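Chemist: Take any residue in the sequence shown, note its place counting from 1, add 3, and you have its number in our numbering. First the structure, then my questions, so here it is.
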Amino acid sequence: MHGSVTTIQRNGLKVHTYAAPEAGWVVNTHIIELASQLLVVDAQYTLDFAEEVVAFAATLNKPITRLYVTHYHPDHLLGAAAFGLPIHGLAEVARKIDQVGDRVAGEERAKVGDRIPDHAERISEIVQEGEERIDGTLLRHVALRHAETADALVIALPEHDILITQDLLYHQVHVFVGELAFESWRAALSTFSTLNFGTLLPGHGNPGDAALWTHMRDYLDVAERTWKTSDGAEAFHRQMVALFPDHRGARLLQHEGRFLYK
Ligand SMILES: [Zn+2]
């Protein structure tokens, strides 16, 4: 396996986090292990890494009954075909994928090759905000607006003190800031931090605790300043790598270059 799996357990519930290697942008797929079934959050970038998730899930001997895609970015969406399941997501995210998903797939396939499909899978099961009990476990679906992207799904497991933030938080991984929503993203960090969840599962990087809120805010402050003072994507990239030498995911800096200096 090229990726790695970390398992956390809180109040009797296990969540397995598959983290892709650098070639897969260090993106996380979380597998919520319920009593008799698995819920999977996000689908990976390439089919290869998605297939690793499927193979790991098979070792748990429970069926995957739900695949969520939290937002339309390629690293969370393009591996979806490997699961062969209907995709669950917010209505706004479904619309966005309908509009741009195939173009995003084509762009990434042009860079990476045929382990990226030539079209994006679509969301067919619309997730409503609110609470739902599945297999004895309470899930809360929350819409996140105007942070890393315009619309994204956050999933809380309130009985287990777990918040699956996906790309609201990154943990020691370079952050995609290409949508340039620094101010509203910081506001979202404040709002979600007051929910007081003890275990945070980010979209990139290891599971962490409440310290991630501050780290993320600091990274955004530095990124915004560096973006404003750099004269192009290359300088931005070079400075961010120098400022955060321990961070993984430099490919995310490469990916965002064309969005930062249009
Ligand atoms: Zn991501």
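The beta-carbon is built from N, C-alpha and C at its ideal position, and this holds for glycine as well. Computed from a predicted structure; not experimentally measured.
Determine whether the beta carbon atoms of A60 and I34 lie at a separation below 7 Å.
Modeler: Going by C-beta atoms, A60 is nearer than 7 Å to I34.
Chemist: What residues in its chain sit with their C-beta under 6 Å from that of D51, if we drop five residues either side in the sequence?
Modeler: Contacts found: R118.
Chemist: Cα separation between K99 and A85?
Modeler: For K99 and A85, the distance between alpha carbons rounds to 21 Å.
Chemist: Fully enclosed by the stretch 157-220, which beta strand (DSSP E) runs are 3 residues long or longer?
Modeler: If we require 3 residues or more, the beta strand (DSSP E) runs fully inside the stretch 157-220 come out as 165-173, 202-207.
Chemist: Here's a check: name, in chain order, each residue in its chain whose Cβ is nearer than 7 Å to the Cβ of G82, leaving out the five neighbours to either side.
Modeler: Correct list, in chain order: A46, Q47, Y48, T49, L50, F52, A53.
Chemist: Distance, Cα to Cα, E135 vs A159?
Modeler: Each residue's alpha carbon lies about 11 Å from the other.
Chemist: I want to check one thing, is the minimum distance from the CB of H76 to the heavy atoms of ligand 1 below 6 Å?
Modeler: For ligand 1, at least one heavy atom lies less than 6 Å from the Cβ of H76.
Chemist: Quick check: D154 and E95, are their CB atoms within less than 7 Å of each other?
Modeler: It is a contact, given that the beta carbons lie within the stated cut-off.
Chemist: Using a Cβ-Cβ cut-off of 6 Å (strictly less than) and excluding sequence neighbours within five positions of N14, which residues of its own chain qualify?
Modeler: H163.
Chemist: Does DSSP put K17 in a helix, in a strand, or in coil?
Modeler: DSSP places K17 in strand when its eight states are reduced to three.
Chemist: Have a look at T152, I165, L70, P77 and flag the residue whose alpha-carbon is nearest the alpha-carbon of G92.
Modeler: Of T152, I165, L70, P77, the residue nearest in Cα terms is L70.
Chemist: Whose C-alpha, out of F179, D105, D170, is nearest the C-alpha of L263?
Modeler: Selected option, being the one with the closest Cα: F179.
Chemist: Count the other CB atoms within 10 Å of the CB of E237; is the residue buried (16 or more) or exposed (fewer)?
Modeler: Exposed, since its Cβ has fewer than 16 Cβ neighbours within 10 Å.
Chemist: With distance defined between alpha-carbon atoms, name the residue in A38, S7, E259, H19 nearest to T140.
Modeler: When each option's Cα is compared against that of T140, the closest is A38.
Chemist: For T9, write down the residues that DSSP places opposite it in a beta bridge.
Modeler: T20.
Chemist: By alpha-carbon positions, which one of H76, H79, L80, V43 ends up nearest to L63?
Modeler: Answer by Cα proximity: V43.
Chemist: From E25 to L203, what does the alpha carbon distance come to, in whole angstroms?
Modeler: So the two alpha carbons sit approximately 21 Å from each other.
Chemist: Can you tell me where the alpha helix (DSSP H) holding L50 begins and where it ends?
Modeler: Here the alpha helix (DSSP H) through L50 covers 50-61.
Chemist: When burial is assigned at 16 or more other CB atoms within 10 Å of the CB, is N128 buried or exposed?
Modeler: Note on residue identity: the sequence assigns Glu, not Asn, to residue 128. By the 10 Å Cβ count, E128 comes out exposed.
Chemist: What is the rounded straight-line gap between the Cα of T232 and the Cα of T217?
Modeler: One C-alpha to the other measures close to 23 Å.
Chemist: Which residues does DSSP pair with A153 in a beta bridge?
Modeler: According to DSSP, A153 bridges with nothing at all.
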